[in-house]
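Chains as they are written, first to last, in my numbering: chain B, 1 to 435; chain Z, 1 to 215.
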């Protein structure tokens, strides 16, 4: 019996490490200069101040495993001391991977060697998942997504009912053409995916999206069986499950004959489908993935919709969700959108790929035990927002909206939150569509 | 065989071979890991991203230079001076590289390399002190970091002393042996970053470009 087999899950964790260690991660382990530059990038360290939270420090447990199993000298010494299968310190890994990192990737932009601690934390999470140490709430959310089709367990009936009244309201106000919310249409060009939070708590964003998509004469549909864009397999560090969830929505689009997927304002949902799905699934999809943010920009630029910016007169600022911007590459469209639909808006400093994480990503918001820490990590974001003097914060990510809402209460920011699609819908000039 | 001829001959070649082979093996162990894929259609050229990423990291990041101006200047200065000494110090460029590669080139004057050596020794000492005093850097430091810095400092100081015939008669041999120890140690410690750094930057740059983000 080797040492790992004495600790439950240790052997599985090491197997997950070996399986998850790809070229980029190996290069990261080999290149850390111990320069500490990552300290200046991390919202957890900046917000809380414990040196244990410095990304370079959080890697220690993982680096030791790499050292023993993969480096030349580590292999020789672990062979001689028979320590190759020494069990990993799963408690230390757990602390580092959950509750101390949102996998936002800001460290990667600061690190001279380009090391993304978040990706290494994904590896740590996969080890913890393999050893059945995923935080309970995260595990339950994932199970619910797998069993019910969405992470909030919304039934098909509730979904249909919500969509129906949203559509009725739109029809009453703007007429049949503008008010329709197609569901399970096999004639549509695009499948629109939402964050289930929109159906359950924030239906006005779906209503706004419907209004804009219809105004742009977009050929779109929702799917009653598969409307959830979120991917908690990503947060759990389980590439196989993440791939399964991605396959489910891609399959739904294929079934309906859609050629593309429009992702609602959900940062990790976009990152998952646009960039990670092919890696997790091991195959590319023919289905094009676009964020509604890119689409809104395209509509405005091409004249498919026209906006009157005087309709949004509050001073506002823009939050850059990590998964959409730094990890997603959607950087300028949201700025052009605000230029078109907002009378006055100001950038946060820093912004774009250097913007601070809100502290609520990486599945932290469903880990209720991490609530306090998540709010502390959001301190930099709160200070950024306050410095703009904005009364309204546009955040193209529903998870970020919830988190910044909580930061608003915690740091008394006196702000309101909105999505971009709501701003666009509010500013639409319906009479003067160019066509 | 005298110590000096051993240090300048067989030992130098042995250390160089260990260094080069060790670093090559280290890179090979990285490159033989599976690469990610298949990728979604890229927004920008991954090859261009990998290349531009080799230099883009020197652009100061928002807030970093303001918070760490001295440290940034010291780190850049150290690397530049070490490069200058290693390749253009008269003894190195005329003898060491001739011995190892069979080629030599025009060296800097000894006055210039003296200045470079002094600056390198001082900046390394300053960075070491910074590592000890600055909470964030100390927290991520391990024994290997101090050992590497100490060994490198010893190599620089003995090299300067040997060039000026300071200290004991065997200073030249001491310098050679320390430098050879440094070469042998290089593939096993953080000095390995002289090659892995570029691999990591290339992968990071390619992925960033693919996603449409500046590396």
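We put the beta carbon where it would ideally sit given N, CA and C, even for glycine.
Close Cβ partners of residue 437 of chain B (< 6 Å) along its chain, the five nearest in sequence each way excluded:
Residue 437 of chain B lies beyond the residue range present for chain B, which begins at 1 and ends at 435; the question has no answer from this structure.
Spatial neighbours of residue 180 of chain Z within its chain, please: C-beta separation below 8 Å, excluding the five flanking residues on both sides.
Translated into positions along the second chain, residue 180 of chain Z becomes position 180. Once the five neighbours on either side are set aside, the close Cβ partners of residue 180 of chain Z are 7, 11, 12, 14, 15.
In three-state DSSP terms, what is residue 70 of chain Z?
Residue 70 of chain Z sits at position 70 when you count from the first residue of the second chain. Three-state DSSP puts residue 70 of chain Z in a helix.
Under 6 Å Cβ to Cβ from residue 125 of chain B, same chain only, skipping five residues before and after it: list those, please.
Here residue 125 of chain B refers to the residue found at position 125 of the first chain. For residue 125 of chain B, where only same-chain residues beyond five positions count, the Cβ hits under 6 Å are 97, 237.
Mind checking the stretch 371-385 of chain B against chain Z and listing, in chain order, the residues whose C-beta falls within less than 9 Å of any C-beta there?
none
Members of the stretch 327-344 of chain B near chain Z, C-beta cut-off 9 Å
327, 328, 329, 330, 331
Alpha-carbon to alpha-carbon, residue 134 of chain Z and residue 452 of chain B
This structure leaves residue 452 of chain B out entirely; chain B is present only between 1 and 435.
Answer yes or no: does any C-beta atom of chain Z fall closer than 8 Å to that of residue 435 of chain B?
As a working mapping, residue 435 of chain B is identified with position 435 in the first chain. In this prediction, residue 435 of chain B has a pLDDT of 43, which is less than 50 and means its spatial position is unreliable; what the coordinates show is noted afterwards. Not an interface residue.
For residue 89 of chain B versus residue 61 of chain B, is the C-beta spacing smaller than 8 Å?
Numbered from its first residue, the first chain carries residue 89 of chain B at position 89. Numbered from its first residue, the first chain carries residue 61 of chain B at position 61. A contact, by the Cβ cut-off of 8 Å.
Tell me the rounded alpha-carbon separation between residue 409 of chain B and residue 213 of chain Z.
For the purposes of this step, residue 409 of chain B is identified with residue 409 of the first chain, where counting begins at 1. For the purposes of this step, residue 213 of chain Z is identified with residue 213 of the second chain, where counting begins at 1. Roughly 33 Å between the two C-alpha positions.
Please confirm whether residue 60 of chain Z has its beta-carbon closer than 8 Å to some beta-carbon of chain B.
Within the second chain, the letter at position 60 stands for residue 60 of chain Z. No, residue 60 of chain Z does not count as interfacial toward chain B.
When burial is assigned at 16 or more other CB atoms within 10 Å of the CB, is residue 194 of chain Z buried or exposed?
Start at 1 with the first residue of the second chain, and residue 194 of chain Z comes out as number 194. Per the 10 Å Cβ criterion, exposed.
Kindly indicate which three-state DSSP category residue 291 of chain B falls into: helix, strand or coil?
Along the first chain, read from residue 1 onward, the residue named residue 291 of chain B stands at position 291. Residue state, collapsed to three classes: strand.
Quick check on residue 486 of chain B: buried or exposed, where buried means 16 or more other Cβ atoms within 10 Å of its Cβ?
No statement about residue 486 of chain B is possible, as the shown extent of chain B runs from 1 to 435 and does not include it.
With a threshold of 8 Å between beta-carbons, can residue 108 of chain Z be considered close to chain B, or not?
Here residue 108 of chain Z corresponds to residue number 108 of the second chain, with the count starting at 1. Residue 108 of chain Z does not count as touching chain B.
Using C-beta distances below 7 Å, list every residue in its chain close to residue 367 of chain B, excluding the 5 sequence neighbours before and after it, in chain order.
Here residue 367 of chain B is taken as the residue at index 367 of the first chain, counted from 1. Taken in chain order, the residues that qualify are 98, 99, 135, 137, 138.
I want to see whether chain B comes within less than 8 Å of residue 46 of chain Z, judged by CB atoms only; does it?
Within the second chain, the letter at position 46 stands for residue 46 of chain Z. Cβ-Cβ to chain B under 8 Å: no for residue 46 of chain Z.
Beta-carbon separation (whole angstroms), residue 109 of chain B vs residue 349 of chain B, contact threshold 8 Å
Here residue 109 of chain B corresponds to residue number 109 of the first chain, with the count starting at 1. Here residue 349 of chain B corresponds to residue number 349 of the first chain, with the count starting at 1. Incorrect: roughly 15 Å between the Cβ atoms, too far for contact.
What first and last residue would you give for the beta strand (DSSP E) that runs through residue 345 of chain B?
Numbered from its first residue, the first chain carries residue 345 of chain B at position 345. Residues 344-346.
Start-end ranges of the alpha helix (DSSP H) lying completely within the stretch 73-159 of chain Z, minimum 4 residues:
97-101, 110-133, 135-140
Using the DSSP secondary-structure output, state which residues sit across from residue 393 of chain B in a beta bridge.
Residue mapping note: residue 393 of chain B aligns to position 393 of the first chain, counting from 1. According to DSSP, which records beta bridges pairwise, residue 393 of chain B is partnered with B/317, B/417.
So residue 96 of chain B is in the alpha helix (DSSP H); what residue range does that whole segment cover?
Residue mapping note: residue 96 of chain B aligns to position 96 of the first chain, counting from 1. Counting along the chain, the alpha helix (DSSP H) containing residue 96 of chain B begins and ends at 90-97.
By the 9 Å beta-carbon criterion, what residues does the stretch 16-35 of chain Z contribute toward chain B?
22, 25, 26, 27, 29, 30, 31, 32, 33, 34, 35
According to DSSP, is residue 260 of chain B helix, strand or coil?
Residue 260 of chain B sits at position 260 when you count from the first residue of the first chain. In the structure shown, residue 260 of chain B sits in a strand (DSSP, three-state: E or B).
Neighbour list for residue 275 of chain B in chain Z, Cβ cutoff strictly below 7 Å:
Start at 1 with the first residue of the first chain, and residue 275 of chain B comes out as number 275. Within 7 Å Cβ-Cβ: 40, 211.
Please look up how many angstroms separate the CB atoms of residue 346 of chain B and residue 427 of chain B, rounded, as I've assumed it's under 8 Å.
Here residue 346 of chain B corresponds to residue number 346 of the first chain, with the count starting at 1. Here residue 427 of chain B corresponds to residue number 427 of the first chain, with the count starting at 1. At roughly 18 Å, the Cβ-Cβ gap does not stay under 8 Å, so residue 346 of chain B and residue 427 of chain B are not in contact.
Skipping 5 residues on each side, what residues in its chain have a beta carbon closer than 6 Å to that of residue 196 of chain B?
Indexing the first chain from 1 puts residue 196 of chain B at position 196. Excluding sequence neighbours, residue 196 of chain B sits near 150, 151, 152, 154, 228.
With a Cβ-Cβ cutoff of 8 Å, do residue 113 of chain B and residue 201 of chain Z count as a contact?
On the first chain, position 113 is the one that residue 113 of chain B refers to. On the second chain, position 201 is the one that residue 201 of chain Z refers to. Yes, they are a contact pair.
Can you give me the C-alpha to C-alpha distance between residue 60 of chain Z and residue 79 of chain B, rounded to a whole angstrom?
Within the second chain, the letter at position 60 stands for residue 60 of chain Z. Within the first chain, the letter at position 79 stands for residue 79 of chain B. Taking the straight line from one Cα to the other gives about 43 Å.
Along chain B, which residues have their Cβ under 8 Å away from the Cβ of residue 79 of chain Z?
The residue you call residue 79 of chain Z lines up with position 79 of the second chain. Chain B residues near residue 79 of chain Z: none, gap ~11 Å exceeds 8 Å.
Three Cβ pairs or more, each shorter than 8 Å: is that satisfied between the stretch 402-418 of chain B and the stretch 321-341 of chain B?
no
Three-state secondary structure assigned by DSSP to residue 194 of chain B:
Position 194 of the first chain holds residue 194 of chain B. Residue state, collapsed to three classes: strand.
Would residue 292 of chain B count as contacting chain Z if we go by Cβ distances under 8 Å?
For the purposes of this step, residue 292 of chain B is taken as residue 292 along the first chain, with counting starting at 1. So, not an interface residue.
7 Å Cβ cut-off: residues of chain B touching residue 197 of chain Z:
As a first step, residue 197 of chain Z must be located in the second chain, where it is residue number 197. Going along chain B in sequence order, the residues near residue 197 of chain Z (Cβ under 7 Å) are 31, 113.
Measure the alpha-carbon distance for residue 129 of chain Z versus residue 39 of chain B and round it to whole angstroms.
Counting from 1 along the second chain, the entry for residue 129 of chain Z is found at position 129. Counting from 1 along the first chain, the entry for residue 39 of chain B is found at position 39. Each residue's Cα considered, the two are about 18 Å apart.
Determine the DSSP secondary structure at residue 205 of chain Z, reduced to helix, strand or coil.
Position 205 of the second chain holds residue 205 of chain Z. Looking at residue 205 of chain Z - three-state DSSP - the assignment turns out to be helix.
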